[in-house]
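Numbering (our numbering), first residue to last: 69 to 288. Each residue gets a CB set at the ideal place from its N, CA and C atoms; glycine is no exception.
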Amino acid sequence: MPDFALEIEFGGSQGRVAGIDEVGRGPWAGPVVAAAAVLDIGKLPRALLDRIDDSKALTAKKREAVAAELVARARTGDGIVVALGSASVNEIVHLNILRATERAMMRALARLPFIPDFVLVDGNRAPKFGCPTKAIVGGDARSLSIAAASIVAKVARDRLMTRLAGLYPAFGWERNAGYGTAIHAEALIRMGPTAHHRRSFAPVARAVEAVRMAALTPTC
Numbered sequence: 069m070p071d072f073a074l075e076i077e078f079g080g081s082q083g084r085v086a087g088i089d090e091v092g093r094g095p096w097a098g099p100v101v102a103a104a105a106v107l108d109i110g111k112l113p114r115a116l117l118d119r120i121d122d123s124k125a126l127t128a129k130k131r132e133a134v135a136a137e138l139v140a141r142a143r144t145g146d147g148i149v150v151a152l153g154s155a156s157v158n159e160i161v162h163l164n165i166l167r168a169t170e171r172a173m174m175r176a177l178a179r180l181p182f183i184p185d186f187v188l189v190d191g192n193r194a195p196k197f198g199c200p201t202k203a204i205v206g207g208d209a210r211s212l213s214i215a216a217a218s219i220v221a222k223v224a225r226d227r228l229m230t231r232l233a234g235l236y237p238a239f240g241w242e243r244n245a246g247y248g249t250a251i252h253a254e255a256l257i258r259m260g261p262t263a264h265h266r267r268s269f270a271p272v273a274r275a276v277e278a279v280r281m282a283a284l285t286p287t288c
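Structural data, given as structure tokens:
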């Protein structure tokens, strides 16, 4: 379970330490979304802290409940500040997924109402945020701030993909969030890519080529 040890190590007892995490590097469709979270654990109830974990370790129902409480507290300034940032499919295609992810993280950080004293970012690469930063491998399972960010980002992106699923129901985005499941792959081959597909990703690029070749094939 994550705790506050890294925040204390790098920010001291009074430092404002932001945890940053992203969701959506691997999907074939949709944006990449990042969140930045700054926690004041002295103001957060133990019952909530005990429920904050790596978003991947929580069920969808538990993620939704924890995210709702975190966002509600953020709106009233009650123990947490949180901000979201994203990078579009066009940015992913033209920049590559790594640079687009860093852009989403930078946007989340920029939307905080203050510059943190220190930033903890999940992963093995620390973007140049303009303030002291440490990359933490497996950070969403070690840092409460990163874990909170991972939950907020995951729920925000899943909700977006569910809304898009209403426009493109064949792809199953309300269940697979744009990842490459069998249903998604079959629909991609049958229907071709949408404007929300990452055409630089190999499975989508192959589908684009298949659609192009089919259009060139004469019928008789």
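Query - Spatially closest choice to Met233 from Ala224, Lys222, Ala245, by CA coordinates - result: Note on identity: in this sequence residue 233 is Ala, with Met being the wrong assignment. Checked all of Ala224, Lys222, Ala245; the closest Cα to Ala233 is Ala245.
Requested in this report: Going by DSSP, name the residue or residues bridged to Val189.
Outcome: Ile88, Ala203
Query raised in the report: Ile257: which of Ile219, Arg266, Glu277, Ala128 sits nearest, CA to CA?
Result: Glu277
Query raised in the report: In three-state terms, what does DSSP make of Asp71?
Result: strand
Report task. For Val223, I'd like the list of residues in its chain whose CB is within less than 7 Å of its CB, leaving aside the five on either flank, ordered along the chain. Result -> Arg131, Glu132, Ala135
Requested in this report: Indicate whether Ile52 and Ile219 have their beta-carbon atoms separated by less than 8 Å.
Outcome: A query on residue 52 cannot be resolved here, the shown segment of the chain reaching from 69 to 288 and no further.
Requested in this report: With Ala233 as the anchor, note down where its alpha helix (DSSP H) starts and where it stops.
Outcome: 212 to 235
Report task. Using a threshold of 8 Å, state whether the C-beta atoms of Ile160 and Val85 are closer than that. Result -> no
Report task. Spell out the partners DSSP gives His265 in its beta bridges. Result -> Ala97
Requested in this report: Could you round the C-beta distance between Ala105 and Ala216 to whole angstroms and report it? I think they count as a contact, below 8 Å.
Outcome: 4 Å
Requested in this report: Note down the Cα distance separating Pro70 from Arg141, rounded to an integer number of angstroms.
Outcome: 20 Å
Query raised in the report: Quick one: what's got a C-beta closer than 7 Å to Glu90's C-beta in the same chain, skipping five residues either side?
Result: Val100, Val101, Ala102, Thr169, Ala172, Met173, Ala221
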